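Visitor: One point on numbering: in my numbering, the residue at position 4 of the sequence shown is 378, and numbering is uninterrupted. Think of the CB as a built atom: it goes at the ideal place given N, C-alpha and C, for glycine as much as any other residue. Just so we're clear, the structure is a prediction, and the values are computed from it rather than from any experiment. Here you go, one structure.
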Amino acid sequence: MTSPSEQPKNICTIIKCPTCQQTTRWQNNPYRPFCSNRCRLLDLGCWAEEEYRVSGEDRINISDTEENFE
Ligand SMILES: [Zn+2]
């Protein structure tokens, strides 16, 4: 007797910002899945920092080669 429960499709999708864990809307959000441009840049900054570390190690290798050259 119970009819299958229908889920409305027009409801706003609420997502969690991966940076600050705050709930934010998916619709009309240019920074999704983040809540704001700040959180988006913060997340991108984390990746850039790791890349800087790698290039820093490369630098040590270059100076090592220079010492061998002398
Ligand atoms: Zn956020």
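Assign Cys413 to one of two classes, buried (16 or more other C-beta atoms within 10 Å of its C-beta) or exposed (fewer than that).
Guide: The residue is buried, with at least 16 neighbouring Cβ atoms inside 10 Å.
Visitor: Counting along the chain, where does the beta strand (DSSP E) carrying Thr387 start and finish?
Guide: Segment: none, Thr387 is in no beta strand (DSSP E) and carries neither H nor E.
Visitor: Rounded to whole angstroms, what's the CA-CA distance from Pro407 to Leu416? Just pull it up for me.
Guide: Roughly 13 angstroms between the two C-alpha positions.
Visitor: Is it the case that the CB of Gln401 approaches a heavy atom of ligand 1 more closely than 7 angstroms?
Guide: No; taking the cut-off as 7 angstroms, the Cβ of Gln401 has no heavy atom of ligand 1 nearer than that.
Visitor: By DSSP's criteria, Arg399 is part of a beta bridge. Which residues make up the other side?
Guide: BP columns for Arg399 point to Ile388.
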